[in-house]
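The opening residue of the sequence shown carries number 0 in numbering that gives the first Met the number 0; numbering runs sequentially from there. Virtual Cβ for every residue (Gly too), placed ideally from N, Cα, C. Model, not experiment: these values are computed from the prediction. Have a look at the structure below before the remarks.
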Amino acid sequence: MKKILVIGGSRYFGRHLVTLERDAGNEVTVLNRGSAAPPRGVGHLVADREDEGRLLEALGERTFDVVFDQVCYTPRQAALARRVFAGRTGRYVMTSTMEVYDPAPPTPEALAYAEGKRRAEAVLAQEPAFGHVAVRTAHVLGGGRAEFTGRLAHYVERIAAGTPVAVHEAPYATSFIHHHEIARFLHWAGERDFTGTVNASSHGELDVLGLSGAVGAGVGREPRLRTVPPGSVASPFSFDRAYAMDNGRAAALGFDFGRVTDWLPGAVAEAAEALAATA
0 MKKILVIGGS RYFGRHLVTL ERDAGNEVTV LNRGSAAPPR GVGHLVADRE
50 DEGRLLEALG ERTFDVVFDQ VCYTPRQAAL ARRVFAGRTG RYVMTSTMEV
100 YDPAPPTPEA LAYAEGKRRA EAVLAQEPAF GHVAVRTAHV LGGGRAEFTG
150 RLAHYVERIA AGTPVAVHEA PYATSFIHHH EIARFLHWAG ERDFTGTVNA
200 SSHGELDVLG LSGAVGAGVG REPRLRTVPP GSVASPFSFD RAYAMDNGRA
250 AALGFDFGRV TDWLPGAVAE AAEALAATA
């Protein structure tokens, strides 16, 4: 049995990670600001991760085999975590994002998010205080209403209603991963001893045309598409430049990824059911 700390972990795939660790027989503790109670059988610490004094007070003398950080967005947060958990853990797994490569579209918000994650990764790599991994996740889908970004729902709602979907003239493919699969990947990364950055994405890149086709098949309606001029903002997963990741390192290390085409129909069905329930 290992001692596991999950910082964040109150929603979506972070919550799946918590239950995976618990069901694996580990002693699991969740640390958050108290906004959501953890699942049954999981310990709970309440603190603001940006308040170093309160964080140290909440942790007390506790040590952990693995710390999963689901909510590290800035270099300041990473530096604080490095100070606080040095000597408390041997392994630190940070959830990062594929947007560190180059956010698309490059809105001010997306650029700030990507830069924050890039710099947080750099802080942990420059002066390692423990074995650390930065998991660069692909676009996470599935879970119906739990998928709080609403990006898949954007397509399901429009295609089901016959509303045109905005796409680029020659859209590029991107990478996706199912919300249960990324939780399994994080659990797996915590069990291994490799360090550094690693990409996590299901096999099979998909462009917005393929995604729209899959959604159309799921809702029983042919997608209507509207082409936007170069440089314009289109629908969430339409990209006018290459925006996919290589999962080769993770696969070589032994993780068995699924294929997007195997789980996407179920994710579309969940999104359609969630939209119908709120209609």
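Candidates the options, of which the one nearest residue i by Cα
i: E180; options: A278, A199, E168; result: A199
i: A119; options: V5, A270, D245, T96; result: T96
i: L208; options: E190, G8, A233; result: A233
i: P264; options: S211, R223, D206, L185; result: S211
i: V164; options: R150, T173, E26; result: R150
i: R27; options: H186, P127, A109, A80; result: Here residue 27 is Val; the residue named in the question, Arg, does not match the sequence. Checking every option, the nearest Cα to that of V27 belongs to H186.
i: A85; options: L55, P229, T73; result: L55
i: L224; options: A278, G52, R81, T162; result: T162
Start-to-end residues for the alpha helix (DSSP H) that takes in residue i
i: V214; result: 207-218
i: H179; result: 178-190
i: K116; result: 107-125
i: G13; result: 11-22
Outcome for residue i when other beta-carbon atoms lying within 10 angstroms are tallied against a minimum of 16
i: M0; result: exposed
i: E221; result: exposed
i: Q125; result: exposed
i: G7; result: buried
i: E269; result: buried
i: L252; result: exposed
Beta-carbon spacing of residue i, residue j below 9 angstroms
i: N31; j: H15; result: no
i: F254; j: Y171; result: no
i: H177; j: V227; result: no
i: T260; j: G203; result: yes
i: R87; j: F63; result: yes
i: V218; j: A266; result: no
i: Y154; j: F236; result: yes
i: A152; j: V122; result: no
i: V197; j: V99; result: no
i: H167; j: P229; result: yes
i: E49; j: L4; result: no
i: A249; j: F184; result: yes
i: G189; j: Y11; result: no
Residue range of the beta strand (DSSP E) that includes residue i
i: Y91; result: 90-96
Any non-hydrogen atom of the ligand GDP within 8 angstroms of residue i CB
i: A275; result: As far as ligands go, the structure on display features none, and thus does not contain the ligand GDP.
Contact between the region 85-92 and the region 104-117: three or more CB pairs below 8 angstroms?
-> no
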